[in-house]
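Undergrad: For the sequence shown, the residue numbers in numbering that gives the first Met the number 0 are 0 to 320.
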Amino acid sequence: MKKARYLFPSDYMADPSANVFNGKLYIYPSHDWDSGAAFDDDGGHFEMKDYHVLSLDDVEDGEVTDHGVILALEDIPWAGRQLWDNDVVEKDGKYYLIFSAKDKNDVFHLGVAVSDRPEGPFKAQPDPIRGSYSIDPCVFKDDDGSVYTYFGGLWGGQLQRYKENKAMGKEYLPEGDENALPSRVAKMTDDMLQFAEEPRPVLVIDENGKPLRADDPHRFFEASWMHKVNGKYYFSYSTGDSHLLCYAVGDNPYGPFTYKGVILEPVVGWTTHHSIVEYKGKWYLFHHDCVPSNGVTWLRSVKVMELDMDSDGNIKTMRSE
Ligand code: FUB
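1. Which of helix, strand or coil does DSSP assign to G260?
2. Would DSSP call W154 helix, strand or coil?
3. Measuring CB to CB, does S241 end up less than 9 angstroms from P210?
4. When you compare the CB positions of A78 and G42, do they come within less than 9 angstroms of one another, or not?
5. For the 8 angstroms Cβ check, are there 3 or more pairs between the stretch 295–310 and the stretch 247–258?
6. Please indicate yes or no: does the CB of S274 lie closer than 8 angstroms to some heavy atom of ligand 1?
7. Quick check: the Cα distance between M187 and H44, rounded to an integer number of angstroms?
8. Pairs of beta-carbons, one from the stretch 4–12 and one from the stretch 254–262, closer than 8 angstroms: are there three or more?
9. Where the beta carbon is closer than 7 angstroms to any heavy atom of ligand 1, which residues qualify, in chain order?
10. Taking the beta strand (DSSP E) that F20 falls in, what are its first and last residues?
11. Measuring only the C-alpha atoms, how far is S182 from K103?
12. Just to confirm the assignment: which complete beta strand (DSSP E) runs, minimum length 3, are found wholly within the stretch 151–229?
13. Given a threshold of 16 other Cβ atoms within 10 Å of its Cβ, counted over all protein chains shown, does S310 qualify as buried or as exposed?
14. So what does DSSP say about G268, is it helix, strand or coil?
15. On the criterion of 16 or more Cβ atoms from any shown chain inside 10 Å, does R129 qualify as buried, or is it exposed?
16. For W282, list the residues DSSP reports as bridge partners.
17. Give me the residue from T64, S29, H51 and T270 with the minimum Cα distance to K23.
18. State yes or no: is the beta carbon of D176 nearer than 9 angstroms to at least one beta carbon in chain C?
19. What residues match up with Y132 in a beta bridge as DSSP calls it?
20. If contact is defined by three or more beta carbon pairs under 8 angstroms, each pair taking one atom from either stretch, is the stretch 214–233 in contact with the stretch 188–197?
21. Assuming the contact rule is C-beta atoms closer than 8 angstroms, I75 and A100 should be a hit. Round their C-beta distance to whole Å, please.
22. According to DSSP, is D41 part of a helix, a strand, or is it coil?
23. Taking DSSP's pairing of strands, which residues face R4 in a bridge?
24. Can you name, in chain order, every residue of its own chain whose Cβ lies under 8 angstroms from the Cβ of N178, other than the five neighbours on each side?
25. Let me confirm a value: E221 is counted as buried when at least 16 other C-beta atoms fall within 10 Å, else exposed. Which label applies?
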């Protein structure tokens, strides 16, 4: 697969979380639309109000099915607005959709919705996950069955409002040679409805063991993703205002993760966001860009291309063409 493929040209979708369930590929995206909200640095223009799921059997040219609305804002008792990125995991035959939304006070939290089938519909829990904050959950099931949720996002994602998992009542964004603000990870309870532990920082370190600095264009911003290759844990993320997708590798789900390189050069549009999954023996990078909307940042389209990875597991920098 040489060129990237737009997966669903008839609607705008973004932040694709790809998962394989029962031999089929399911993509859980954010559902973009033109709400009329003005562009701002806090993402006020991303006013999404429902989630769909897409499925396909063949990445290269198979038909893509849109299963319609699987969860809507009005069916989430605690949510006020802005259904941002989500991800789904299967545990003991049930499917758990973990999503980010603002509550009625405009504070982001993570919620859980449950279904018996990967294509939904999903039923939301009455309250957000206790102790959850910020955005962009990635739910990763390890080989021993333990499930971890990675999350966090700067600026409009509100991560800079929290220190040691407590709201500070103000914002603090590290600058210059201070350590960059890390993503967070927490193991989930067996019933998948709560964090089983206090979230921990996901440290990305350089080859000398030092955390990446706040002014490093490769530091974490949002869009956490976790995948595993040959026993190694690959933490990948977006760098936000430097518009890259980067990755770092560790020996366990908590890290630290040693920075390795850039996966994807900037795409058309402000945000870049992805997932990485193995399907039928090949690794794929699901991502989005704003080419079909002629660069409108809040109208994004889901794409896929084969991941360029060598036999030692090093990912080469790609362009989405
Ligand atoms: O889709 C809304 C937000 O844009 C996501 O949560 C971020 O990762 C960025 O893609």
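A virtual CB, placed ideally from N, CA and C, is assigned to each residue, including glycine.
TA: By the coordinates alone:
1. strand
2. helix
3. Contact: no.
4. In this structure, G42 does not lie closer than 9 angstroms to A78 by Cβ.
5. no
6. no
7. 31 angstroms
8. no
9. A13, D14, S29, G42, F45, M47, W83, D84, S99, I134, D135, G152, G156, E221, A222, S237, T270 and H272
10. M12 to F20
11. 24 angstroms
12. 182–186, 199–201 and 221–228
13. So S310 counts as exposed.
14. coil
15. Exposed is the call here.
16. E277
17. T64
18. The structure shown contains no chain C; it holds only a single protein chain.
19. Partner(s): none; Y132 has no beta bridge.
20. no
21. 6 angstroms
22. Three-state DSSP puts D41 in coil, outside helix and strand.
23. V303
24. If the five residues before and after N178 are omitted, its C-beta is found closer than 8 angstroms to the C-beta atoms of P210, L211, R212 and A213, all from its own chain and listed in chain order.
25. buried
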